[in-house]
Amino acid sequence: MAEKTPEIWVFGDYRNYFQNRVTLQLLSRAHDLAGKTGAIVCAVVFGQGVQEWVGEYIAHGANRVYVVEDASLAYYSTDLYVAVMESLARQCSPEIILVGATSFGREFAPRVAKRLGTGLTADCVGLDINTEGLLVQTAPAFGGNLLSRIITPRTRPQMATVRPGTFQEIPHNYQAEGETVRVPLPQNLPKDRVRLISSERKPAGSQKLEDSPVVVCGGRGMGSKSRFRNLNELARLLGGEVGATRPVVYSRWAEEDSMVGQADKHIRPKVLFSFGVSGAIQHTAGIIDAGFVIAVNKNPNAAMMKMADVAIVADANQVCLALIKELKKRLRS
Amino acid sequence: MKHKLVRKSVREFSESELGPIAHEIDRDARFPWEVIEKMRPLNFFGLQVPKRYGGAGLDSISYAIVIEELSRVSGAIGLCVTVHNSVGVQPILNFGTEEQKERFVPLLASGESIGAFCLTEANAGSDASGVETHAVLEGEKYLVNGTKIFVTNGGVCSLPLIFAVTGAGDPARNASVFILEKDMPGFSVGEIEDLCGMRANPVSSLFFEDCRVPRENLLGSEGDGIKIALATLDTGRIGIAAQAVGIAQGAFEASVKYSKERQQFRKPISSFQSIQNKLADMATEIDAARLLVYRACALKDSHKPFSKESAMAKLFGSATCTRVTSEAVQIHGGYGYSREYDVERYFRDAKVTEIYEGTSEIQRTVISRSVLAELI
Amino acid sequence: MIVCLKQVPMATELPWDPKTGTLSRDRAEGMMNPACKHALEAALMIRHQHGGHITAITMGPPMTEEILREALAMGADRCLMLSDKAMSGADTFVTSYTLARAIEIFCSDFDLVLCGCHTTDSETAQVGPQLAEELHIPGIANVEHLEMNSDAIRIRRISDSFLEVLEVDPPCLLTVSCQHFVPRYVPLAGLQDAFSGANILAVSAEDLGIDPRRIGLQGSPTRIVDIYTPRADKENIVLKGAPKKIVEELFERFETKLGGIIRKDLNKEG
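Chains as they are written, first to last, in my numbering: chain A, 246 to 578; chain B, 118 to 493; chain C, 55 to 324.
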C-alpha cells in the first residue's frame, strides 16, 4: 500500500472571522510547513451552514477541508467539538494539528491532545520544521521575556496553539481548488455536559483599549493625578485610548479598567506612547504586541526605555504637554 | 519558613496599599484611615495578642518583621502599628486584670480602638520624676489633671494609657498607669504637631481637665507606674529598633536601584568604588542591626531578660538608620535632596528613632548600668 | 472543593538551568502563582456562602510547601503536596495525569476543582482543561462570575468576543479569570495557625502507585530543545533635550511611523 500523504491540520475557528484571522494565518504557515515536509494542508470545520468558511479556507490555502456539519455543532461546545475532533483525527492520523490560541482554542486543544495522548505547546509565536522533519514550536514564557523551542518527538499528532497575529495570511484566491470531504457526525457522541443559557456578542466598545491602534500609557513618573489627566487630552488628540500601570491605578490616578499588564489588559496598538513607566515585567508583558513604541522617562536606564523604538529622556509630563501643543498646531494648519 | 512568609505577606500588603500613598500622606500629614481599615482584619493591631482576645498570637521575631516591612515603605504607619502593639496593648496584657483584658484587649486587637502610651510631658521625658499629671481618688473615680505631649497616635487613639502621679513624694515612685477612654468627659486632644518626619502619624498633645476615670481603669496597683513603664519601654524599644531597620532597608534598596540607573562619566554610579563602599557598609550595618533586634526578640520569647539587648538593638538600629538614610541621600545627590524622591522622607523619618522610646543617651545608660553590674 | 496551586518564580529572578533547559526551581525565590491565588479566593468565597471543605493541591519540589502554608493561612482546610524527583520536568500532559491520580486517591468525592487561568512562568493554561479530561469531568475556562444553585453551577464568562452564561453540574472543573476574585491579603493570625498543625500531606509517586516512566520529564510527550532570550528588534533611538525640540524631531524623523495614524485622526478631529 502506498504511503499516505501526510496532513497538516488547521482547526477552522470562524466564530470571529472578521476580527480574528488566526485560522487564515495558520493556513498560510501550514502551507509553508507543508512545502518542507511534502504534506497537504487541511482545514477542519465543524458547525452548521459552514459552506462560506469552507470556501474562505480553500481560497486562503487549504488543499482539503474536512467538514462535519450538524445542528448540534452550531454552538462552540467544548465537549462535542473535542469528541468530533478526536474521532476525525483517529480516522485520518494527521501529522500536525494547529489551533488558533483564541479563548476557545486554548480550551479545546488541550483536551484534544489529552484524548489523543500527545503533547501540546501553548500560544506559539513561531513554527518551523527541523532537519529531522519535526515541528519546532516556539513558545513564550515569563511574559515573552524568554522563548523556548519545543518538539514532540514520540507522539503524533504534533499539536500547537498559535498566537493570533504571529503569521501573515496568504491573499485570498477564489480560483484556488480544494477538495471538500464531508464526514458524518460520529456515532455515540456524548451529551454536552455544559448547558448554554445565553451567548451574545459583547457590545462594541468594551474592548476599546485592547483594540485601539494608538494607546497612551502612563506610569507613576507622570508625577500626580492632575498631570496624569493630561494624557487623556493627548489620547483624545491622537484618537487613542489611555492605559495605566498598576501603581497608578492603586494611587487612584486612573480607573481600574485602564490597567495594562500581565494579569490585566493586553494591548496591541500600532503606536504606543509610554509616559513615566519604569517597565516592570508585570506591566511590559501586557504591551509585548505593541508596534512602534515611544517611551518617555527621566531615567534613560528604565527597562521601558530599553524596549522602545524611540526613548525620550525628559520629564514625561513636559513632553506630554509639548506633544499636545504640537498636535493642536498641526490640527489648525 | 513562617518568618519568610510573614515578610512576603506584609511586603505585598505594604507595597500595594502603602507604597502608592506613602509620599502623599507624608506631604499632607494625613493619617490614612482607608488603609487602617484594610489592616484591621489582617490582625495588624493584635500582632502578639493571644488568639482568645482576637489577636494573631505571633512570636516576637514575626512581630519585628511586620514592623520592619511596614516601615520599609512608610515609617509613619510602622510607627502607628508598633506603638499600638507594644506600648499600647502589651501593658494591659501583662499587668491588667482578667476583666480589663476581656474588656479592652479585643477592642485594641481588632484595631477598632487605637492605643497609645503617654509619659512625656513638658517637663518630663527621659526623667519620669518630672511628671506633673496627677490622679486623685474621689470615691470610686480618679480625678485626672495634666497635659501629655508628643503622643504618638495621639490624634487617633481611643484607649491611651496614661502615666500619672498618684501619691506624694518622688513622682517616679508614686505613679500609676490608667486606661483612658476617648469619650470620658474632660479628655481632649490637642492640635497635631508639625514635625520633621513621621508626618503621617498624628502626634499630638492630650489634655485632661478634671477627667473622671473609674477605679477599674487603674492598671495594676497604685504605685506600679514606674514598673509598668520600664517593662513597657523594654518591649517598645524592640519595635522602634525594628522600625529603624525597616526604614534603613527602604533607603538602602532605593539607593541600590538608583545607583544602577544613574549614570555619570558614562557609567552607572554603582560601578564606582566610592559608591560600592557606601552600599557595602549600609548593607552590613543594616544586617547587624537586624540581628540585634532578632536576638532581643528571641530572648523575650524564651522569657529571659532582654532589657540590655533591646537597648542595644535600639541604640545601634536607630544610629544605623540615621547613618544609612543620610548616605542614601548622598548617593542620590541633588535628587536625594528633592521631595520627589523617597530617600528624603526616609532621612527625615530616621532621626526620631534616636529620640523616642528612650533617647540614645538613655539607651547607653541602660546598657552601661547592666554591663557594670554584670562585671563586678 | 479542590484548588490546584503552583509555585512560580518571582518575576524578577529567572534562573534557568542551561543544561536541561528547564527552570532550576530550587534556586528561584518562589511565590504562589497569582492566578492560582484568584482560584483559591474563589473557593474561599464559595465556602463562605455555601460551606464546604477546601483541599489545596500542588506539585513541585519540597520548597513548594511554602505556598501550601500560605494557602492554609488564607483559609484552605488541608493540603496535598506532590513532591518526588520522579515528577520533575513534567509538561502539562503528565502534570495533569499526576494531579488527577492524586485527586482520585485522596479526594475522590470532590464537587468542584478550581484552577488559575494561567501561570506566569510557562503560561500554557493547559493543565486545567487537561486535568478535567483526566478526571472525565466537564470544564469551563476563564470564569468571571459563578453562582451555586441547588443542583447546578451557573457561570458567566467571556470567551473570545462572546459573553456566555453557562450551566454545569458538579463535579466539574473551572479555571477562574485573573480579573475577578481578587485575592485577599494573608491574615497574620492565619499565618500563625498555618504553621501549627499537620494539615499538609506529602505524596510521592509511589503513594500514587504510578509508573515513574509515565511521569516527570520521562513521561512528557514534549521536549524543550532550547530556551533563549528574544533579541529586541528595536532600534532604540534615544532623544534628549528640550521637550519642544524633541517633539519636533519626533514628528520629523518618524513621520512614516506616526503619520498614517495621526494624520487620519487629526483629520477626523478637524
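Yeah, the Cβ is synthetic: ideal placement off N, Cα and C, and Gly gets one too.
Quantities reported herein were computed from a predicted structural model and do not represent experimental measurements.
- Proximity of arginine 474(A) to chain B, defined by a Cβ-Cβ separation below 9 Å, is not satisfied.
- Phenylalanine 162(B) and alanine 226(B) do touch by the CB rule: their CB atoms are close to 6 Å apart, below 8 Å.
- A buried status is given to histidine 92(C), since no fewer than 16 other beta-carbon atoms sit within 10 Å of its beta-carbon.
- Ranked by Cα distance from arginine 438(A), the first of Ala259(C), Asp223(C) and Ser250(C) is Asp223(C).
- Collapsing the DSSP output to three states places threonine 406(A) in a strand.
- Per DSSP, the continuous beta strand (DSSP E) segment holding alanine 292(B) begins and ends at 292–296.
- Put simply, the backbone Cα of isoleucine 526(A) is about 48 Å away from that of threonine 237(B).
- Take alanine 406(B), set aside five residues on each side of it, and the residues of its chain with a beta-carbon closer than 6 Å to its own are Val362, Phe433, Gly434 and Thr437, in chain order.
- Valine 555(A) is not a Cβ neighbour of isoleucine 512(A), given a cutoff of 9 Å.
- Under a criterion of Cβ atoms nearer than 7 Å, the residues of chain B adjacent to asparagine 544(A) are, in order, Glu378.
- In the DSSP assignment, proline 237(C) falls outside any beta strand (DSSP E), carrying neither H nor E.
- Apart from sequence neighbours up to five positions away, the residues of its chain that approach arginine 309(A) with a beta-carbon distance below 7 Å are Ile285, Cys287, Gly423, Glu424 and Val426, ordered along the chain.
- According to the DSSP assignment, histidine 140(B) belongs to the alpha helix (DSSP H) that extends over 136–144.
- Collapsing the DSSP output to three states places valine 273(B) in coil.
- Relative to the Cα of threonine 352(B), the nearest Cα in the group Ser321(B), Leu297(B) and Leu416(B) belongs to Leu416(B).
- Check the Cα spacing between threonine 118(C) and each of Ile254(C), Leu271(C), Ala97(C) and Lys288(C): the tightest is with Ile254(C).
- A distance below 9 Å separates the beta carbons of leucine 323(B) and glycine 271(B).
- Linking tyrosine 311(A) to leucine 361(A) through their CA atoms gives a straight-line distance of about 18 Å.
- Of the other Cβ atoms in all chains shown, 16 or more fall within 10 Å of the Cβ of phenylalanine 537(A); this residue is therefore buried.
- The residues Phe212, Ser293 and Val294, in chain order, have a CB closer than 8 Å to that of aspartate 341(B) in the same chain once the five nearest residues on each side in sequence are set aside.
- For the pair valine 167(C) and leucine 185(C), the CB atoms are nearer than the 9 Å cut-off.
- Within the region 286–316 of chain C, contact with chain B at the beta-carbon level (separation under 9 Å) is assigned to no residue.
- In the assembly as shown, cysteine 328(B) is a buried residue. Its beta-carbon has 16 or more other beta-carbons within 10 Å.
- The count of Cβ pairs closer than 8 Å, one atom from the region 408–424 of chain B and one from the region 441–452 of chain B, stays below three, leaving the stretches out of contact.
- Residue contact check for glutamine 61(C) against chain B: no CB pair falls below 9 Å.
- Shortest Cα-Cα distance from alanine 400(B) to any of Leu135(B), Arg440(B), Lys425(B) and Lys384(B) involves Arg440(B).
- With a beta-carbon spacing of about 5 Å, threonine 268(A) and aspartate 258(A) fall inside the 8 Å limit used to define contacts.
- Each of Ala467(B), Ile178(B), Phe221(B) and Thr199(B) was checked against the Cα of leucine 409(B), and the nearest Cα belongs to Ile178(B).
- DSSP places tyrosine 321(A) in the coil class of the three-state scheme, outside both helix and strand.
- Taking a Cβ-Cβ threshold of 8 Å, the residues of chain A close to isoleucine 138(B) are Ser496, in chain order.
- In the structure shown, histidine 107(C) adopts coil according to DSSP, grouped into three states.
- If you look at aspartate 261(C), you'll find it in the alpha helix (DSSP H) that goes 259–262.
- The three-state reading of DSSP puts glutamine 381(B) in strand, counting E and B together.
- Taking every protein chain shown into account, the CB of proline 435(A) has fewer than 16 other CB atoms within 10 angstroms, so this residue is exposed.
- In the three-state DSSP reduction, asparagine 562(A) falls in the helix class (H, G or I).
- Burial is judged here by how many other beta carbons sit within 10 angstroms of a residue's own beta carbon; glutamate 377(A) has fewer than 16 and is exposed.
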